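This report concerns only the one structure given below.
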Amino acid sequence: MTFFEILCAILAALLLGTAWSLSYVSRGRGRMVATVLLLLVDGAALAGFFLGARHPDWHLADWAYLGPTLQVLTVVFMFQLVLLVLVVLALLVRSMYRHWHRPVPFDASRRRLLQRAAVYPVAAFGAGLYGEGIERHQLAVRHYDIPVAGLPAQLAGLRIAQLSDVHLGMFYSLADLRELLTRAVAARPDLLAITGDLFDDNKINLEAVHILAEYTDQFPLGIWFCPGNHEHFRNWGETQKALRETDVHVLVNQAEPVAGLAPLWLVGVDYPMNRPRFAQDKAAFTDQAFAAVPEDAVVLFLAHHPEFIDDGAARGAALTLTGHTHGSQFGFLGIPVFPVFKYTRGIVRIGGHYGYVHSGNGSWFPCRIGCPPELAVFTLQQA
10 MTFFEILCAI LAALLLGTAW SLSYVSRGRG RMVATVLLLL VDGAALAGFF
60 LGARHPDWHL ADWAYLGPTL QVLTVVFMFQ LVLLVLVVLA LLVRSMYRHW
110 HRPVPFDASR RRLLQRAAVY PVAAFGAGLY GEGIERHQLA VRHYDIPVAG
160 LPAQLAGLRI AQLSDVHLGM FYSLADLREL LTRAVAARPD LLAITGDLFD
210 DNKINLEAVH ILAEYTDQFP LGIWFCPGNH EHFRNWGETQ KALRETDVHV
260 LVNQAEPVAG LAPLWLVGVD YPMNRPRFAQ DKAAFTDQAF AAVPEDAVVL
310 FLAHHPEFID DGAARGAALT LTGHTHGSQF GFLGIPVFPV FKYTRGIVRI
360 GGHYGYVHSG NGSWFPCRIG CPPELAVFTL QQA
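For the sequence shown, the working numbering gives the first residue as 10, with consecutive numbering after it.
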């Protein structure tokens with residue numbers, strides 16, 4: 010199935026689920042009106058995604074109304090999803106109550122509990138507003154100590170900041186990028202690692218390169234970058250050429266020693282874009298990237314896809330930094346709601362080696378609940 014077909018199926022299922030949910034919280038004409046309105050909104054969302062796929066260079070500068078419109082559609086989408094979840098949970102609770110308290114005399118008021126539960130739509134709408142309008146703008150700064158066996162004394166206390174998945178464009182402006190970089194500087198790291206999916210709008214990518222270059226001297230050991238899959242969607246060749254004309258360290262299946270801090274090396278890989286050959290290309294990219302790295306090196310490995318964490322550990326990398334998953338964007342008590350990847354969020358430990366899956370800073374779906382954007386800061390310590 011194509012992405013568009015999958016999207017159609019999801020929206021159709023969501024609309025049916027919403028119509029079913031509304032049968033418990035409204036009746037008669039009100040339910041019919043709400044269902045028709047949601048059908049129109051879902052149709053508009055589907056049309057927007059379809060047109061966006063046909064015209065990938067559309068962005069907020071050309072369509073001033075498109076960004077706010079999609080934000081509204083996001084709130085409506087979340088309303089439908091959360092309403093469905095709340096009604097299902099309420100039905101489960103009621104079913105469990107009846108099971109454990111039999112026999113239960115007929116109680117009309119309990120029967121009307123769901124039908125008159127106006128709190129469900131209000132809560133669902135509130136969750137959508139919170140996820141789109143509040144949490145996705147709240148940067149969480151997280152600090153981690155990384156013990157490294159055999160770490161030389163001169164590298165103890167080295168601080169690495171990581172950003173990932175900014176997704177410049179519709180929902181993340183150049184001004185937002187400046188603010189994010191300023192926040193990263195304020196954390197006082199020695200170097201900044203960016204693990205892909207930053208450059209996601211052809212109209213502003215080159216300007217973003219210049220902004221990134223302005224900040225290189227504010228990190229003592231510079232800015233280091235590896236590409237993600239979205240760079241390849243957005244004319245990566247042109248962006249890469251512009252980046253290499255700056256002081257940003259671009260790592261594409263290659264490695265560089267850090268001047269004056271031997272034996273510290275940074276290694277970075279490209280994103281394997283050929284899905285059928287993902288495993289083979291991943292291994293080949295890793296082999297190529299580590300080819301020049303000496304055996305006694307302390308390695309920081311940058312990759313976009315989190316499955317490279319296994320490759321980094323196998324190669325002896327002290328710390329592998331990745332992104333791509335956005336942490337699933339939805340979490341509960343720190344646990345991803347949609348753990349569809351082997352590693353979805355946070356610290357991974359494999360023997361004496363560490364990996365990290367960044368929760369992302371932006372997104373192409375502008376909503377986060379239980380998974381705020383983050384600035385991750387790692388401090389190397391002697392084990």
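All C-beta atoms, glycine included, are put in the ideal place defined by N, C-alpha and C.
If you're wondering where the values come from, they're calculated on a predicted model, not measured in any experiment.
Quick one: what's residue i bridged to in DSSP?
i    : result
G6   : For the chain, the structure presents residues 10 to 392; residue 6 sits outside this window and is missing.
G364 : T329 and V357
C235 : T204
V276 : A264 and F310
V386 : H152 and A170
H258 : W233
G340 : P345
I378 : F339
Q289 : In DSSP, Q289 forms no bridge with anything.
V157 : Q391
Within the same chain, show all residues whose beta-carbon is closer than 7 Å to that of residue i, passing over the 5 residues directly before and after it, in chain order.
i    : result
Y74  : For Y74, the predicted model reports a pLDDT of 48, less than 50, meaning its position is unreliable; a value from the coordinates is still stated below. Excluding residues within five positions, none has a Cβ falling inside 7 Å.
A21  : none
W245 : P236
W373 : H176
Q227 : V194
L460 : Past the edges of the chain, shown from 10 to 392, lies residue 460, and the structure says nothing about it.
Give me, in chain order, the residues of the same chain whose beta-carbon lies closer than 8 Å to that of residue i; leave out the 5 immediate sequence neighbours on both sides.
i    : result
P229 : D199 and L200
W109 : none
R197 : R168
T225 : G231, I232, T255, D256 and V257
If you measure between the beta carbons of residue i and residue j, is that distance less than 8 Å?
i    : j    : result
T331 : G360 : no
D209 : G231 : no
R377 : Q338 : yes
L311 : W233 : yes
A264 : A301 : yes
I220 : A327 : no
T353 : G369 : no
L270 : Q163 : yes
D5   : H239 : With the chain covering only 10 through 392, there is no way to say anything about residue 5.
L148 : R187 : no
D279 : N262 : yes
L215 : A251 : yes
G371 : D174 : yes
L23  : L101 : no
V349 : I318 : no
G355 : V346 : no
Between residue i and the rest of its own chain, which residues show a CB-CB distance below 6 Å, the 5 nearest in sequence each way excluded?
i    : result
Q171 : A202, L330, H367 and A385
R324 : F299
D71  : Reliability fails at D71, whose pLDDT of 48 lies under 50, so the model's placement of it is uncertain and no value is given.
F134 : F88
T255 : A222
A28  : T44
A322 : I359 and H362
P266 : W274
D320 : T295
Y97  : Rather than Tyr, the amino acid found at residue 97 in this sequence is Val. Correct list: empty, nothing qualifies.
When we look at the beta-carbon of residue i and count the other beta-carbons within 10 Å, is it buried (16 or more) or exposed?
i    : result
V128 : exposed
H152 : exposed
L92  : buried
P303 : exposed
L260 : buried
V150 : exposed
R243 : buried
S30  : buried
R119 : Summary for R119: the model assigns pLDDT 48, below 50, so the residue's position carries little reliability, and this model does not support an answer.
A292 : exposed
A136 : buried
How many whole angstroms separate the CB atoms of residue i and residue j, which I take to be in contact at a CB cut-off of 8 Å?
i    : j    : result
E141 : V84  : 5 Å
Q80  : P375 : 6 Å
L389 : A165 : 6 Å
L275 : H258 : 7 Å
V50  : L95  : Not confirmed; about 19 Å, so no contact.
A217 : L183 : 6 Å
H241 : M282 : 5 Å
L160 : V307 : 6 Å
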